[in-house]
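In my numbering, the protein residues as written are 260 to 424.
And the structure:
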């Protein structure tokens, strides 16, 4: 597979992952562009890997972490949402998802990364461990801590139970 074929096929999924990690469409696009530029430079080696997508996701994740380390880039996207949803069930569902996402955005970086990769990207612990360069046990620990934090945050914000992640 050529780099162009890979990029054409995987850019939508990489953008989705970047949006979930950053919470900002513009920063997500910049992040994917940076990750693909780095992948292009190493494509000869990456293309020979059994799962090149794991390697590219790792590049994206490292770029995201590097962005947060830079002092001048500490911008936070804020989305205004009504406190109480209307009686319309679809609106209520959207408000619940938004409230849950706001809780996810408050998680520490590694916990948020595990949640995004597990529940939004549907990856198993082994794949997440490869991307994050840690053990599967560490992935499970981050997931448990994140879910405990989300449950506690949900309990504080509403009396209604949180849906399954």
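We treat Cβ as the ideally placed atom computed from N, Cα and C, and that holds for glycine.
Rounded separation between residue i and residue j - CA only
| i | j | result |
| --- | --- | --- |
| residue 330 | residue 263 | Confidence in residue 330 is poor, its pLDDT being 45 and thus under 50, which makes the residue's placement too unreliable to answer from. |
| residue 365 | residue 371 | 8 Å |
| residue 359 | residue 413 | 8 Å |
| residue 314 | residue 305 | 7 Å |
| residue 332 | residue 362 | For residue 332, the predicted structure reports a pLDDT of 48, less than 50, and the residue's modelled location is therefore unreliable. A value from the coordinates is still provided. About 21 Å. |
| residue 311 | residue 379 | 19 Å |
| residue 397 | residue 351 | 35 Å |
| residue 403 | residue 384 | 12 Å |
| residue 381 | residue 395 | 15 Å |
| residue 267 | residue 260 | 11 Å |
| residue 307 | residue 401 | 31 Å |
| residue 344 | residue 392 | At residue 344, the pLDDT of 47 sits below 50, so the modelled position is not reliable and the matter cannot be decided from this model. |
| residue 284 | residue 309 | 30 Å |
| residue 277 | residue 296 | 15 Å |
7 Å Cβ cutoff met for residue i and residue j
| i | j | result |
| --- | --- | --- |
| residue 280 | residue 375 | yes |
| residue 275 | residue 390 | no |
| residue 322 | residue 294 | yes |
Residue span of the alpha helix (DSSP H) that contains residue i, given as start and end
| i | result |
| --- | --- |
| residue 370 | 368–374 |
| residue 389 | 384–391 |
Closest residue to residue i among the options (Cα-Cα distance)
| i | options | result |
| --- | --- | --- |
| residue 303 | 265, 273, 320 | 265 |
| residue 324 | 368, 296, 283 | 368 |
| residue 319 | 355, 272, 356 | 272 |
| residue 355 | 409, 300, 392, 299 | 409 |
| residue 406 | 373, 387, 297, 270 | 373 |
| residue 282 | 411, 353, 357, 299 | 357 |
Any non-hydrogen atom of the ligand FAD closer than 6 Å to residue i Cβ
| i | result |
| --- | --- |
| residue 376 | The model depicted lacks the ligand FAD and carries no ligand whatsoever. |
Point to revise | Continuous alpha helix (DSSP H) assignments of at least 4 residues falling wholly in the segment 274–318 | key: Listed in chain order, they are 284–300, 302–305.
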